[in-house]
Amino acid sequence: MSHQSQDRYTSVAIILHWLIALLVIGQLAGGIYMHKLPDTDAALKFELYQLHKSSGITILLLTLVRLGWRLTHKAPPLPAAMAGWEILAARGAHVGFYILLIAMPLVGWAIVSSSPLADSVQTYLFGVIHWPHLPFFEGVADRKGLSHDIAEIHEYLGFAMIGLIALHVGAALKHQFINRDTVLAHMLPIARRRA
Amino acid sequence: MKAILLAASVGAALLGGCGSKADSTAATVSEPATAANAAPPSASTESEPAVAPPEKDVVAASAAEPSTPFNWTVDKAKSRIEFTGSQTGKDFTGSFADYEAAIRLDPADLSSAHIKVTIDMASAETGDRQRDDALPSSDWFSVKDFPTAVFDATEIRAVGAGYEALGKLTIRGVSKDLILPFSLAIAGDRAKAEGAVSLLRTDFGVGQGDFSTGEWVGLDVKVAIHIEAAR
């Protein structure tokens, strides 16, 4: 029992990891798709934006829960064979994920709140729970320009997220198939015990 | 309280019937009953033509008429003021729950006709929370500055089998001439009217800024009324 808890992340951490992973991949694909949709597809475009907002806030909340969990529960130790720079890179990537997972929804929230459409388009998470706008944009003269600038930041963060995911997946595959250690198994839903 | 009791006794007398005593009570009461008219009109008015003998009916009606010359009281439970617009290409229909309607309309004397409807713009509902949040805001109805919309029709004319109400429609403080075509069916003391007219919402400044084009929200709005009223 204690052996297993040393070897893997806790079930809560594993569930949160994969749930957030699925949502993030959906957000990246959906975000790019909805952004490129022509305005002639206004109905679909509108619905996708509403869904994107709901998923984004869900990711933010799940990430806060996950961060709280991470800070109160030990992660399994990294393989002793890892070099110092590898450990540093792994830690850096994980911290980077937390930063992006929190920053991206916040910046998205700022886009929505600063938009000139904000008064007319209130956010309802999944059409049910009212989610307020951020209050900082009331008196801004050029809301359209500001909202557009914030949207650019959101986009850059999205590319950073894609880059980090590529690094993260690449590293996991390297650990699994080249180093042949237990790092990927730490986070897999079904434990793979190695002899 | 007295008025209600009076009206109730009149209604009971008429419903109860044919005895001459009852009829005479009704006749004597009918003069002061004009004040009671406003309270529960349905009880007395509906039963009259059905039960009362024809001659008495004429007498009772003529006694009541001068004070209420074809003034109609809208039956709000059966009436609707609706608007149909489109958002991202999809039609939606909403309605106003609160409004006041002063309707004077005698088909035999249209020159005396006057219709004034005052609509509480904050009472608009379209069955979509996101949209219903938006409607009262400054981009749309701006209810803080313009709590009501008014249609004031000072001329009613017969056109073919129906009618047209000519007047001014004021929304967001902007007044425009409007012709509202409607049909009218009067049966005894009850009337039904149906009408519809298309508006360009931007004529009234409904939809400011990015909403002043039809990109997200269509510019055409159809307003439909279904009014049932009694007098």
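Chains U and A, in that order, give the protein sequences.
First residue of the first sequence? That's 58 in my numbering, and the numbers climb one at a time after it.
First residue of the second sequence? That's 109 in my numbering, and the numbers climb one at a time after it.
Glycine included, every Cβ here is placed at the ideal spot set by N, Cα and C.
Inset, instruction - Just the C-alpha distance for U:E212 and A:I211, rounded to the nearest angstrom, thanks. - result: Start at 1 with the first residue of the first sequence, and residue 212 of chain U comes out as number 155. Start at 1 with the first residue of the second sequence, and residue 211 of chain A comes out as number 103. Roughly 58 Å separates the two Cα atoms.
Inset, instruction - Would you please state the rounded distance, in angstroms, between the beta carbons of A:A273 and A:A261? I believe it to be under 8 Å. - result: By one-based count along the second sequence, residue 273 of chain A stands at place 165. By one-based count along the second sequence, residue 261 of chain A stands at place 153. Correct: roughly 4 Å between the Cβ atoms.
Legend entry - Whole-angstrom distance between A:D285 and A:A299, CA atom to CA atom: Residue numbering aside, residue 299 of chain A sits at position 191 when the second sequence is read from its first letter. Residue numbering aside, residue 285 of chain A sits at position 177 when the second sequence is read from its first letter. Going from the Cα of A:A299 to the Cα of A:D285 covers about 26 Å.
Legend entry - Residue from A:D241, A:F290, A:D328, A:P289 whose Cα sits closest to the Cα of A:A230: Translated into the one-based positions of the second sequence, residue 230 of chain A becomes position 122. Nearest option by C-alpha distance: A:D241.
Legend entry - chain U within 7 Å of A:D199, Cβ atoms only: Translated into positions along the second sequence, residue 199 of chain A becomes position 91. Not one chain U Cβ lies under 7 Å of A:D199.
Legend entry - Alpha carbon of A:K276 to alpha carbon of A:S283, nearest angstrom: In the second sequence, counting from the first residue as 1, residue 276 of chain A sits at position 168. In the second sequence, counting from the first residue as 1, residue 283 of chain A sits at position 175. Answer to the nearest angstrom: the Cα atoms are 6 Å apart.
Inset, instruction - Starting from U:D206, find everything on chain A with Cβ-Cβ shorter than 9 Å and list it in chain order. - result: Working through the first sequence from its first residue, we reach residue 206 of chain U at position 149. Here the premise fails: no neighbours, minimum Cβ distance about 17 Å.
Legend entry - When U:G215, U:D64, U:H74 are compared against U:R127, the one with the closest alpha-carbon: Numbered from its first residue, the first sequence carries residue 127 of chain U at position 70. The shortest Cα separation from U:R127 among U:G215, U:D64, U:H74 belongs to U:H74.
Inset, instruction - Check whether the Cβ of U:Q84 lies closer than 6 Å to any heavy atom of the ligand HEM, and answer yes or no. - result: Questions concerning the ligand HEM fall outside what the structure shown contains, since it holds no ligand whatsoever.
Inset, instruction - Check the C-beta distance from U:Y155 over to U:L124 and give it rounded, since I have them as a contact under 8 Å. - result: Translated into positions along the first sequence, residue 155 of chain U becomes position 98. Translated into positions along the first sequence, residue 124 of chain U becomes position 67. About 6 Å; that satisfies the 8 Å criterion.
Inset, instruction - Look at A:S245 and A:R280 and say whether their C-beta atoms are less than 7 Å apart. - result: Position 137 of the second sequence, counted from the first residue, corresponds to residue 245 of chain A. Position 172 of the second sequence, counted from the first residue, corresponds to residue 280 of chain A. Contact: no.
Legend entry - Complete alpha helix (DSSP H) runs within the segment 125-211 of chain U (minimum length 4 residues, chain order): 141-171
Inset, instruction - Look up A:W324 in the DSSP assignment and say whether it is helix, strand or coil. - result: As a working note, residue 324 of chain A is residue 216 in the second sequence. Looking at A:W324 - three-state DSSP - the assignment turns out to be coil, as it is neither helix nor strand.
Legend entry - Beta carbon proximity, A:D241 to chain U, threshold 7 Å: Residue numbering aside, residue 241 of chain A sits at position 133 when the second sequence is read from its first letter. Yes, because at least one Cβ of chain U sits closer than 7 Å to the Cβ of A:D241.
Inset, instruction - Rounded to whole angstroms, what's the CA-CA distance from A:K164 to A:A205? Just pull it up for me. - result: Residue mapping note: residue 164 of chain A aligns to position 56 of the second sequence, counting from 1. Residue mapping note: residue 205 of chain A aligns to position 97 of the second sequence, counting from 1. Legend: pLDDT at A:K164 = 44, less than 50; position of this residue unreliable, no value from coordinates given.
Legend entry - Host alpha helix (DSSP H) of A:R237 (start-end): For the purposes of this step, residue 237 of chain A is taken as the residue at position 129 of the second sequence. Element bounds for A:R237: 237-242.
Inset, instruction - Assess, as a yes-or-no matter, whether the segment 162-173 of chain U is touched by the segment 192-207 of chain U under the definition of 3 or more beta carbon pairs within less than 8 Å. - result: yes
Legend entry - Start-end ranges of the alpha helix (DSSP H) lying completely within the segment 246-325 of chain A, minimum 4 residues: Complete alpha helix (DSSP H) runs here, min 4: none at all.
Legend entry - Burial state of U:G165 (16 or more Cβ within 10 Å): Taking the first sequence and counting its residues from 1, the one referred to as residue 165 of chain U is at position 108. By the 10 Å Cβ count, U:G165 comes out buried.
Legend entry - The beta strand (DSSP E) enclosing A:A210, as first and last residue numbers: On the second sequence, position 102 is the one that residue 210 of chain A refers to. First-last of the beta strand (DSSP E) with A:A210: 207-212.
Inset, instruction - Could you work out which residues of chain U lie near A:R237, taking near to mean beta carbons separated by less than 7 Å? - result: Reading the second sequence from its first residue, position 129 is the one you call residue 237 of chain A. Simply Y181.
Inset, instruction - Could you tell me the distance, in whole angstroms, from the CA atom of U:L221 to the CA atom of A:D253? - result: Mapped onto the first sequence, residue 221 of chain U falls at position 164. Mapped onto the second sequence, residue 253 of chain A falls at position 145. Their Cα atoms are separated by approximately 51 Å.
Inset, instruction - Please compile the residues from chain A whose C-beta is within a distance smaller than 7 Å of the C-beta of U:D199. - result: Residue 199 of chain U sits at position 142 when you count from the first residue of the first sequence. Within chain A, no residue comes near U:D199; the closest Cβ sits about 12 Å away, beyond 7 Å.
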